[in-house]
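J.:
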Amino acid sequence: MGYRNLTDCVNDLEQSGNLIRVTDEVDANLEAAEIHRRVYQSGGPAILFDNVKGCEFPMVSNLFGTLERAKYIFRDAFENVQRAIQLKVDPGEALRQPLKYWRAPFVALQMRPKAVRTGPVMQHKTRLSALPQLKSWPDDGGAFVTLPQVYSEDVRSPGLMKSNLGMYRVQISGNQFRADREAGMHYQIHRGIGVQHKAAMDAGKPFHVNVFVGGNPAMTVAAVMPLPEGMSELTFAGALAGHRIQMVKQANAASIYAQADFCISGTIDPQRQLPEGPFGDHLGYYSLTHDFPVLNVKSVYHRKNAIWPFTVVGRPPQEDTVFGELIHELTGPVIPTVLPGIKAVNAVDASGVHPLLLAIGSERYVPYRPTDRPQELLTQANAVLGQGQMSLAKYLWIIDEACDPELDIDDIQTFFVRMLERVDWKRDLHFQTQTTIDTLDYSGSGLNQGSKVVIAAVGPRVRELPKEIPSSLSLPEGFRNPKICIPGVLAISAPTSSSGTQDKAMLRSFCDTFSAESPISRFPLVLLVDDSGFTARSLNNFLWTVFTRSNPAVDIDGIDASIQDKHWGCVGSLVIDARVKSHHAPPLIENPEISKRVDAMATKGGPLAKYL
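Its first residue numbered 111, the sequence shown is counted upward by one per residue in the numbering used here.
#1: Taking the DSSP output, what are the residues bridged to P419?
#2: Mind listing, in chain order, the continuous beta strand (DSSP E) runs of no fewer than 3 residues lying wholly within the segment 542-590?
#3: Of the choices V265, S683, V404 and L129, whose alpha-carbon is the least far from that of N172?
#4: Among T623, S628 and L649, whose alpha-carbon lies nearest the alpha-carbon of I594?
#5: Starting from N456, trace the beta strand (DSSP E) both ways and give me its first and last residue.
#6: Applying the 10 Å Cβ sphere with the 16-neighbour rule, what's the burial state of H677?
#7: Just tell me which of V455, G498, H540 and D379 has its CA closest to the CA of L517.
#8: Do the segment 250-267 and the segment 280-292 make contact, defined as three or more Cβ pairs closer than 8 Å?
#9: Quick one: grab the DSSP three-state call for I355.
#10: In whole angstroms, what separates the C-alpha of L177 from that of P717?
#11: Determine the burial state of W314: buried for a count of at least 16 other Cβ atoms within 10 Å of its Cβ, exposed for fewer.
#12: On the criterion of 16 or more Cβ atoms from any shown chain inside 10 Å, does Q125 qualify as buried, or is it exposed?
#13: In terms of alpha-carbon separation, which member of I704, A328 and D520 lies closest to P223?
#14: Report the CB separation of H307 from P380 in whole angstroms; it is logged as a contact under 8 Å.
#15: In this structure, how does DSSP classify W247 when only helix, strand and coil are distinguished?
#16: Among the candidates K562, P629, P634 and L488, whose CA atom is the shortest distance from the CA of R528?
#17: If you follow the beta strand (DSSP E) that I374 is in, where does it begin and where does it stop?
#18: Candidates A333, E166 and A351: which alpha carbon is nearest R413's?
#19: Exposed or buried, Q428, counting other C-beta atoms within 10 Å across all chains shown (16 or more means buried)?
#20: Kindly identify the DSSP beta-bridge partner or partners of I145.
#21: Buried or exposed for N661, going by 16 or more other Cβ atoms inside 10 Å?
#22: Given a threshold of 16 other Cβ atoms within 10 Å of its Cβ, counted over all protein chains shown, does I547 qualify as buried or as exposed?
#23: For N139, write down the residues that DSSP places opposite it in a beta bridge.
#24: Could you have a look at V321 and say whether DSSP puts it in helix, strand or coil?
#25: Taking the alpha carbon of I699 as the reference point, which residue from S273, Y396, Q259 and V321 has its own alpha carbon closest?
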């Protein structure tokens, strides 16, 4: 049942027409990544690069390039895992539909990892420098592992069931890392490995970490699965793989995944850090160089005929978008049980996931009178921001389900329209200042430093949203080219950002130019951007520009703004300064020479041509 290893998966995908094999030489330095991006964007198949320049190991990418292919890979176990999760939500369902759920108890048996003495991954040894030296973007600081399964055990209670498996990027060359002896480990403060890092620091000793690459694709999904702290990802991987995950027990070291293609084994000194990065990341910008933990590499293992899987991240959508879709299909039914009153949540992929959350909640506690202002909705918003990676959100827009019982959380434009038809800027903005945001988000005041805002909407529609620009609209000097992004949202090209103090003064001056009776205030949301044409060209451009380039407490102002009882609000338009600032990270741009090389591949024909 299911694949035992990555080779089984690759062979099956090739036989079913879901994978193409490329025999021409391809360079892991930028070229493979650009090919991958183009094939993904065209909805193409998985790609096996048989001939990697200067490397003995083949590479495979785009395994999860479509939701259909991802579900095909897990076809033997996907429905059973879904049903097991549904039973967690409603155990009584097994009694009502016993034939549908009869396999669910067997899923639990498959979840427990299995200790073994040895495995295929330990057949051979190599060096970091012999692995594929994958660089995805021109200014990346070195070669990175982009589909790592980082396995670690707690120094207080080592063992399989209290281990952590996460996907944290791993830099295997460049910067100050000693060649073949050190690797950079970029993990953030909210991740499970961070708890183990703190425990090792308190104990004053290093902790063991193994980086698995390849093996059953279920291990890759388990590494990104948002499981409760203390629950081993190995159990979930076993359920999705359809068999128990085999782990090689090690004396005085962390266990090794027996069926992995590669394992980079070592320890982390919790007191030591080195510069890691830059790295082109999933917000569409580079995450810059910062100090992060160092993996002291002791051994690099690989199985016979090992295959190196990789992905490429960048401005969404990319292949990691499908991970989110897959996880949503599996865990969507659980959300109301974890967050009472919340009906649905969407971490918006087009905005880079963490900057923007949409939620549908419910005002349940006031049935005897109409709800005229957000009440329980704010309690639910705080609960959302207290959950795992959702705590990284900068913007949380939450609406009462009664506003539109048919509202689909994935219909983003309609969601914004329903919100903007109802929101009261005098009352419905709730800021958290001087707090933490995503490490990869450079819109804030420093690493991990920024702000959040909750925007809540309830009740009947209070305004019609304009779909045309008023002929009487007049803009201050230097502001030009107003464009409508979606109904009720106006983007305006503004002067180039200069400094923080001057930017705040410019934003306030712009707002002071108008009143709540001005034509511009027909638009509840106004955006100051570098290029209004680009911002308004598509919904994705609007989402990416606004929510990756603004820090709520700093970059939000409004027309006829005031403070009452320490609560900020405005009567006219809410205005967001979403221009590129001097402290922001640079956006990701392809290398033109590599682009020409890939263009040439397309013209010569072959299996890749129609996807490039």
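Don't be surprised by glycine CBs; every beta carbon is placed ideally from N, CA and C. Quick caveat, the model's predicted, so the values are computed rather than measured.
T.: Short version:
#1: Counted from its first residue, the sequence shown places residue 419 at position 309. Looking at the DSSP assignment, P419 forms a beta bridge with V170.
#2: List check, beta strand (DSSP E) in window: 559-567.
#3: Here residue 172 is taken as the residue at index 62 of the sequence shown, counted from 1. Scanning V265, S683, V404 and L129 for the CA closest to the CA of N172 turns up L129.
#4: Locating residue 594 in the sequence shown gives position 484, counting from the first residue. If we check each option's Cα against that of I594, L649 comes out closest.
#5: Numbered from its first residue, the sequence shown carries residue 456 at position 346. Counting along the chain, N456 sits inside the beta strand (DSSP E) bounded by residues A454 to A457.
#6: Position 567 of the sequence shown holds residue 677. With fewer than 16 other Cβ atoms within 10 Å, it is exposed.
#7: Taking the first residue of the sequence shown as position 1, residue 517 is located at position 407. The closest CA to that of L517, considering only V455, G498, H540 and D379, is found on V455.
#8: The segment 250-267, when compared against the segment 280-292, does touch it at the 8 Å Cβ threshold.
#9: In the sequence shown, residue 355 corresponds to position 245, counting from 1. Reduced to three states, the DSSP call for I355 is coil.
#10: For this step, residue 177 is matched to residue 67 along the sequence shown. For this step, residue 717 is matched to residue 607 along the sequence shown. Roughly 22 Å separates the two Cα atoms.
#11: What you label residue 314 is simply residue 204 of the sequence shown in a count that begins at 1. It should be pointed out that residue 314 corresponds to Gly in this sequence rather than to Trp. Result: exposed.
#12: What you label residue 125 is simply residue 15 of the sequence shown in a count that begins at 1. Classification of Q125: exposed, given that the 10 Å Cβ count is below 16.
#13: Taking the first residue of the sequence shown as position 1, residue 223 is located at position 113. Comparing Cα-Cα distances from P223 to each of I704, A328 and D520, the minimum goes to A328.
#14: One-based indexing of the sequence shown puts residue 307 at position 197. One-based indexing of the sequence shown puts residue 380 at position 270. Yes, they are in contact, since the Cβ atoms of H307 and P380 sit about 5 Å apart, within 8 Å.
#15: Stepping through the sequence shown from its first residue, residue 247 is reached at position 137. Correct three-state label for W247: coil.
#16: Residue mapping note: residue 528 aligns to position 418 of the sequence shown, counting from 1. For R528, the closest alpha carbon among the candidates K562, P629, P634 and L488 is that of P634.
#17: To locate residue 374, count along the sequence shown from 1; it is residue 264. For I374, the enclosing beta strand (DSSP E) starts and ends at F372 to E386.
#18: Looking up residue 413 in the sequence shown gives position 303. When each option's Cα is compared against that of R413, the closest is E166.
#19: Looking up residue 428 in the sequence shown gives position 318. It counts as buried.
#20: Reading the sequence shown from its first residue, position 35 is the one you call residue 145. Per DSSP, I145 has no beta bridge partner at all.
#21: By 1-based counting over the sequence shown, the position of residue 661 is 551. Its Cβ being crowded by 16 or more others within 10 Å, N661 is buried.
#22: Along the sequence shown, one-based indexing puts residue 547 at 437. With 16 or more other Cβ atoms from the protein chains shown falling within 10 Å of its own Cβ, I547 counts as buried.
#23: Stepping through the sequence shown from its first residue, residue 139 is reached at position 29. Looking at the DSSP assignment, N139 forms a beta bridge with K245.
#24: Looking up residue 321 in the sequence shown gives position 211. Strand at V321.
#25: Stepping through the sequence shown from its first residue, residue 699 is reached at position 589. Out of S273, Y396, Q259 and V321, Y396 has the C-alpha closest to the C-alpha of I699.
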